[in-house]
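Protein chains: 2
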Amino acid sequence: MPPFSTMRGFESSLPIALLRARQATAHKFKPHTDAAGLTQPQWRVIRALAAGEALDVATLAARCVLMQPSVSRLLKGLQDRSIIETVAGTDARRRLLRLTDEGQRLFDRIAVISEAVYRDIEAVYGREDLARLVEMLVRLREVAESLPDLPHEMPELS
Amino acid sequence: MPPFSTMRGFESSLPIALLRARQATAHKFKPHTDAAGLTQPQWRVIRALAAGEALDVATLAARCVLMQPSVSRLLKGLQDRSIIETVAGTDARRRLLRLTDEGQRLFDRIAVISEAVYRDIEAVYGREDLARLVEMLVRLREVAESLPDLPHEMPELS
DNA sequence: TATTGTTATACTCTATAACTATA
DNA sequence: TATAGTTATAGAGTATAACAATA
């Protein structure tokens, strides 16, 4: 029996399935974030801050799946547009960020559409199936991260 | 009941779950493609061609989830390194590409490791669960692509 | 005239390293 | 000395438009 990665061909391999599922869903939201002048990484940061809790740069990078320097640059743009602001904290090295009132209104406005798109997907895909899919994705990440980092030798470049 | 997208919080939202699952799995392969001097998009193109069938630029872009200009540029690098080559076809506009023998050997070498990493993930995640996850991802893409493109109005920017 | 692919452009993010400021 | 963040840098991909060659 061939290994899983080739079993069902390239089109149904895990990395491609992940990429295409993401591409197809992201495509539904893109027009709305575009209309607000936001990149997808910027929108993820805004979403992360919308819960209300002020977060530092490192936490935002981890949660939004971005590099810290990318977040640093991206935050500058959001701050220039008065979407986010810095909050004073106890550690002067750590920059705590939160949405401004204007940023919160921007989030609210886009979130309405975002949630409507999700409900459209749910309506066809099935709410329970979608919830299970997310659980399975979270578990996949946990499994992948739990594996040792370099278990396999690269064959000789002879 | 709050909508799905916020139900379980940002961390368990679909876009973030997709991104993080992809990041965590891709991270396991990256050292091996890095060692071969390949970017992930280049590796996807090589994988797509490894089935043996010669493919044109547009097909590669669609299958590998890349823009056509990106593929065009990326192919140049692979061709300079004699990993791929152009095949003569009936339509002179269409550039048909395939792996060279050297490219095939490169693929074989990396595929051994790639499949070993997959087997590691399968061993913990469960082969059937992983197969079902891929099915669910494929279906999510189908559902997302089947939805009308602009069903939701952007609220006024008043 | 429509299609396939390349080139051009401006922008963003990746990834790593070097640097600054604070703890 | 270690940590948090910024800045610098090189490289690659996104996205769109304009262009060339072929059908």
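Chains as they are written, first to last, in this note's numbering: chain Z, 1155 to 1312; chain S, 1155 to 1312.
Ideal Cβ positions, reconstructed from N, Cα and C, are used throughout, including at glycine.
Whole angstroms are fine: how far does the CA of residue j sit from the CA of residue i?
i: Arg1248 of chain Z; j: His1181 of chain S; result: 28 Å
i: Ile1238 of chain Z; j: Arg1295 of chain Z; result: 30 Å
i: Ser1167 of chain S; j: Ala1189 of chain Z; result: 22 Å
i: Gln1196 of chain S; j: Gln1177 of chain S; result: 17 Å
i: Gln1222 of chain S; j: Gly1163 of chain Z; result: 22 Å
i: Cys1218 of chain Z; j: Glu1207 of chain S; result: 38 Å
i: Ile1264 of chain Z; j: Leu1287 of chain S; result: 29 Å
i: Arg1259 of chain S; j: Leu1250 of chain Z; result: 50 Å
i: Leu1220 of chain Z; j: Leu1301 of chain Z; result: 22 Å
i: Pro1185 of chain S; j: Val1199 of chain S; result: 18 Å
i: Thr1254 of chain Z; j: Arg1227 of chain Z; result: 18 Å
i: Ala1285 of chain S; j: Glu1256 of chain Z; result: 45 Å
i: Leu1209 of chain S; j: Asp1303 of chain S; result: 29 Å
i: Arg1281 of chain Z; j: Ala1175 of chain S; result: 20 Å
i: Ala1242 of chain S; j: Leu1214 of chain S; result: 17 Å
i: Leu1229 of chain S; j: Gln1194 of chain Z; result: 27 Å
i: Ala1246 of chain S; j: Arg1201 of chain S; result: 25 Å
i: Gln1233 of chain Z; j: Phe1183 of chain Z; result: 23 Å
i: Leu1192 of chain S; j: Val1225 of chain Z; result: 26 Å
i: Tyr1279 of chain Z; j: Tyr1279 of chain S; result: 23 Å
i: Thr1240 of chain Z; j: Glu1165 of chain S; result: 22 Å
Using beta carbons (cut-off 7 Å, strictly below), is residue i in contact with chain Z?
i: Arg1174 of chain S; result: yes
i: Glu1282 of chain S; result: no
i: Lys1230 of chain S; result: no
i: Val1288 of chain S; result: yes
i: Arg1295 of chain S; result: yes
i: Phe1261 of chain S; result: no
i: Ala1277 of chain S; result: no
i: Leu1291 of chain S; result: yes
Kindly indicate if chain S contains any beta-carbon less than 7 Å away from that of residue i.
i: Leu1203 of chain Z; result: no
i: Thr1240 of chain Z; result: no
i: Ala1298 of chain Z; result: yes
i: Ala1178 of chain Z; result: yes
i: Lys1184 of chain Z; result: no
i: Asp1274 of chain Z; result: yes
i: Leu1301 of chain Z; result: yes
i: Ala1216 of chain Z; result: no
i: Val1211 of chain Z; result: no
i: Val1219 of chain Z; result: yes
i: Leu1168 of chain Z; result: yes
i: Pro1157 of chain Z; result: Residue placement at Pro1157 of chain Z is poorly supported in this model, since its pLDDT is 44, which falls under 50; the coordinates still yield a value, given next. By this cut-off, Pro1157 of chain Z is an interface position.
i: Ile1171 of chain Z; result: The residue you asked about is not Ile; residue 1171 of chain Z is Ala in the sequence shown. Output row for Ala1171 of chain Z: interface = yes.
Would you mind sorting residue i into buried or exposed? The rule is 16 or more other CB atoms within 10 Å of its CB.
i: Thr1187 of chain Z; result: buried
i: Pro1169 of chain S; result: buried
i: Ala1212 of chain S; result: exposed
i: Thr1179 of chain S; result: buried
i: Ala1298 of chain S; result: buried
i: Ala1171 of chain S; result: buried
i: Ala1204 of chain Z; result: buried
i: Met1290 of chain S; result: buried
So does the stretch 1265-1275 of chain Z actually touch the stretch 1268-1276 of chain S, counting three or more Cβ pairs closer than 8 Å? no
Which runs of the alpha helix (DSSP H) at least 4 residues long sit entirely within the stretch 1240-1301 of chain S? Give them in chain order. 1255-1279, 1281-1300
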